[in-house]
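Protein chains in written order, with the working numbering: chain L, 1327 to 1657; chain E, 9 to 101.
Working notes for the structure below.
Next comes the structure, spelled out in structure tokens:
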């Protein structure tokens, strides 16, 4: 047993309240008490009423609440007041941002982690149509990362590698699905809708883990901290998007667990229906609970825990204890 | 660890009825309410210890008793339903 606490996902409409020092979810049909000590974080997709009493209680218990709108877009999170305050870490975080060399060093690691994820995904779902040249090219990009001296060009490399990787998606996916290029805000087809949704799940999973560490979520390295989001979560999510998010998508589509019927389509946008969202959330949740034998710790850790370990590595780097090397999947 | 908790509280007195409710409310903070006096769910050793201490303080040790069935590994649990099929510990609502 590693992490007893679980994420709870609410799709129904109802009212969430504090009752008996625990959480009560009340719908038209039923009362359901959710044990507060079992909640790791809360995902709200349905139309839920919540009052300050419940919000205060959740914050007090250190539970991060993620809220999604009607279309399944992440709209925000209740990020409780930081409890694990460590001035030292924040100062070092800022120092590593302000110093150009230190900043790019960390940013490079995020990009390397991401590209490494692309390569391993393509290797894992190898298909005869994925030629050697692709791996060669991705390898080139990986080498180019070290040569980039500023953030925009680093982002450029990442973008190019990502485009190349997305181009290979039709070869991996055994369902006949239209996917020309990545389009966001709003996604225009099934594939883009899926990627957007799953990426937001990865992002929130990282954000929740950041809350559990001393790191400040707004000071980031690859993305500019001026972004409206908690940009450190965006940085770290880059590493985990391909290996957690995309792999979930491949499995769902190749097993035909998700098909066109799970989407609502209109002229120029596309989004998951509730039934589809539930399937994706369930698959993602299973993914996070999958365990692997950690090479260094020599024990089983869940995918979810790997995110936290990644953040600990970052803290060690900031404090000058150990040089940060981003997580590289090896399976 | 996975736990099934069952309690039997003597409710013949007003005192007893109060204890019953207090035990229920305490359990709700940690486990899923499956049936009237049955709770179950995944819980860590530490949390279970907390719960045990809390229940110990509420109940009358001469009249009430609480049984906790523990399963080290949830995989060894097979859950079978007769009637309505539902999992009270479901985390997707």
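The beta-carbon is built from N, C-alpha and C at its ideal position, and this holds for glycine as well.
Hey, residue i and residue j are a contact pair by Cβ (cut 8 Å); roughly how many whole angstroms apart?
i                       : j                       : result
residue 1440 of chain L : residue 1568 of chain L : 6 Å
residue 1415 of chain L : residue 1644 of chain L : 6 Å
residue 1539 of chain L : residue 1638 of chain L : 7 Å
residue 1509 of chain L : residue 1574 of chain L : The pair is not a contact, with the Cβ atoms about 20 Å apart (cut-off 8 Å).
residue 1438 of chain L : residue 1411 of chain L : Incorrect: roughly 31 Å between the Cβ atoms, too far for contact.
residue 1547 of chain L : residue 1432 of chain L : 4 Å
residue 8 of chain E    : residue 51 of chain E   : An answer regarding residue 8 of chain E cannot be provided, because it is not within the stretch 9 to 101 covered by chain E.
residue 96 of chain E   : residue 42 of chain E   : 5 Å
residue 1602 of chain L : residue 1584 of chain L : 6 Å
Quick check on DSSP: helix, strand or coil for residue i?
i                       : result
residue 1479 of chain L : helix
residue 1369 of chain L : strand
residue 1414 of chain L : helix
residue 1652 of chain L : coil
residue 1591 of chain L : strand
residue 1446 of chain L : helix
residue 1471 of chain L : helix
residue 1501 of chain L : coil
residue 1511 of chain L : coil
residue 1432 of chain L : helix
residue 1610 of chain L : helix
residue 1526 of chain L : helix
residue 1540 of chain L : coil
residue 1548 of chain L : coil
residue 1375 of chain L : strand
residue 79 of chain E   : strand
residue 1583 of chain L : coil
residue 1422 of chain L : helix
residue 1641 of chain L : helix
residue 1451 of chain L : coil
residue 1397 of chain L : coil
residue 1574 of chain L : helix
residue 63 of chain E   : helix
residue 1555 of chain L : coil
residue 26 of chain E   : helix
residue 1494 of chain L : coil
residue 1565 of chain L : helix
residue 1355 of chain L : coil
residue 32 of chain E   : helix
residue 68 of chain E   : coil
residue 54 of chain E   : helix
residue 1386 of chain L : helix
residue 1458 of chain L : helix
When DSSP builds the beta bridges, which residues end up paired with residue i?
i                       : result
residue 1628 of chain L : L:1617
residue 1488 of chain L : In the DSSP output, where bridge partners are listed per residue, residue 1488 of chain L has none listed.
residue 87 of chain E   : Paired residues: none, contrary to the question.
residue 74 of chain E   : E:15
residue 1333 of chain L : L:1367
residue 1360 of chain L : L:1349
residue 1597 of chain L : L:1590
residue 1657 of chain L : Per DSSP, none; premise fails for residue 1657 of chain L.
residue 46 of chain E   : E:14, E:43
residue 1404 of chain L : L:1391
residue 1343 of chain L : L:1350
residue 100 of chain E  : L:1335
Requested in this report: Taking 8 Å as the threshold, find out whether the region 1457–1475 of chain L comes into contact with the region 1573–1586 of chain L through three or more Cβ pairs.
Outcome: Two segments are said to touch when three or more pairs of C-beta atoms, one from each, lie closer than 8 Å; by this definition the region 1457–1475 of chain L does not touch the region 1573–1586 of chain L.
**Report entry** At least 3 beta-carbon pairs within less than 8 Å: the region 1543–1563 of chain L vs the region 1519–1529 of chain L
**Finding:** Short answer: they touch.
Query raised in the report: When you check each C-beta in the region 1362–1374 of chain L against every C-beta of chain E, which residues fall closer than 7 Å?
Result: Of all residues in the region 1362–1374 of chain L, 1362, 1363, 1364 have a Cβ within less than 7 Å of some Cβ in chain E.
Requested in this report: Determine, using beta-carbon pairs with one atom in the region 49–68 of chain E and one in the region 1621–1635 of chain L, whether at least three such pairs fall under 8 Å.
Outcome: Counting Cβ pairs under 8 Å, fewer than three are found: no touch.
Requested in this report: Mind checking the region 25–39 of chain E against chain L and listing, in chain order, the residues whose C-beta falls within less than 7 Å of any C-beta there?
Outcome: For chain L, the residues of the region 25–39 of chain E that bring a beta carbon within less than 7 Å of one of its beta carbons are 33, 36, 37, 38, 39, in chain order.
Query raised in the report: In chain order, what residues of the region 49–71 of chain E put their CB closer than 7 Å to some CB of chain L?
Result: For the region 49–71 of chain E, which is checked against every Cβ of chain L, the residues closer than 7 Å are 49, 50, 51, 52, 55.
Requested in this report: Flag this pair as touching only if the region 1606–1615 of chain L and the region 1474–1489 of chain L have three or more C-beta atom pairs under 8 Å; answer yes or no.
Outcome: Between the region 1606–1615 of chain L and the region 1474–1489 of chain L, the count of Cβ pairs shorter than 8 Å is below three; the stretches do not touch.
Query raised in the report: Counting pairs of Cβ atoms below 8 Å between the region 1365–1383 of chain L and the region 1330–1338 of chain L, do you hit three or more?
Result: A contact exists between the region 1365–1383 of chain L and the region 1330–1338 of chain L.
Report task. Anything in the region 1502–1535 of chain L with a Cβ closer than 9 Å to a Cβ of chain E? List those residues in chain order, please. Result -> Under the 9 Å Cβ criterion, the region 1502–1535 of chain L contributes no residue.
Query raised in the report: Can you list, in chain order, the residues of the region 81–100 of chain E whose Cβ is nearer than 7 Å to any Cβ on chain L?
Result: Those residues of the region 81–100 of chain E that come within reach of chain L (Cβ to Cβ, closer than 7 Å) are 99, 100.
Query raised in the report: Are at least three pairs of beta-carbons, each pair with one atom in the region 1368–1387 of chain L and one in the region 1334–1354 of chain L, less than 8 Å apart?
Result: Result yes; three or more Cβ-Cβ pairs closer than 8 Å.
Query raised in the report: Does the pairing of the region 1587–1597 of chain L with the region 15–34 of chain E give three or more beta-carbon distances under 8 Å?
Result: Segments in contact, no.
Query - Contacting positions in the region 1593–1626 of chain L - beta carbon closer than 7 Å to chain E - result: In summary, the residues of the region 1593–1626 of chain L whose CB is separated from some CB of chain E by less than 7 Å are 1604, 1607, 1608, in the order they occur in the chain.
Query raised in the report: In the region 1539–1558 of chain L, which residues sit with their C-beta less than 9 Å from some C-beta in chain E, listed in chain order?
Result: Here the close residues number zero.
Report task. Report yes or no: do the region 1396–1410 of chain L and the region 69–80 of chain E share at least 3 C-beta pairs separated by less than 8 Å? Result -> Taking a cut-off of 8 Å for Cβ pairs, the region 1396–1410 of chain L and the region 69–80 of chain E do not touch, as fewer than three such pairs fall below it.
Requested in this report: Could you list the residues in the region 1343–1356 of chain L with a C-beta less than 7 Å from some C-beta on chain E, going in chain order?
Outcome: Of all residues in the region 1343–1356 of chain L, only 1346, 1347, 1348, 1351 place a beta-carbon less than 7 Å from a beta-carbon of chain E.
Query raised in the report: What residues from the region 1446–1479 of chain L come within 8 Å of chain E, judged by C-beta to C-beta, listed N to C?
Result: Contact annotation: in the region 1446–1479 of chain L, no residue has its CB less than 8 Å from a CB in chain E.
Query raised in the report: Taking contact to mean at least 3 C-beta pairs separated by less than 8 Å, is the region 1464–1482 of chain L in contact with the region 1513–1524 of chain L?
Result: No, the region 1464–1482 of chain L does not touch the region 1513–1524 of chain L.
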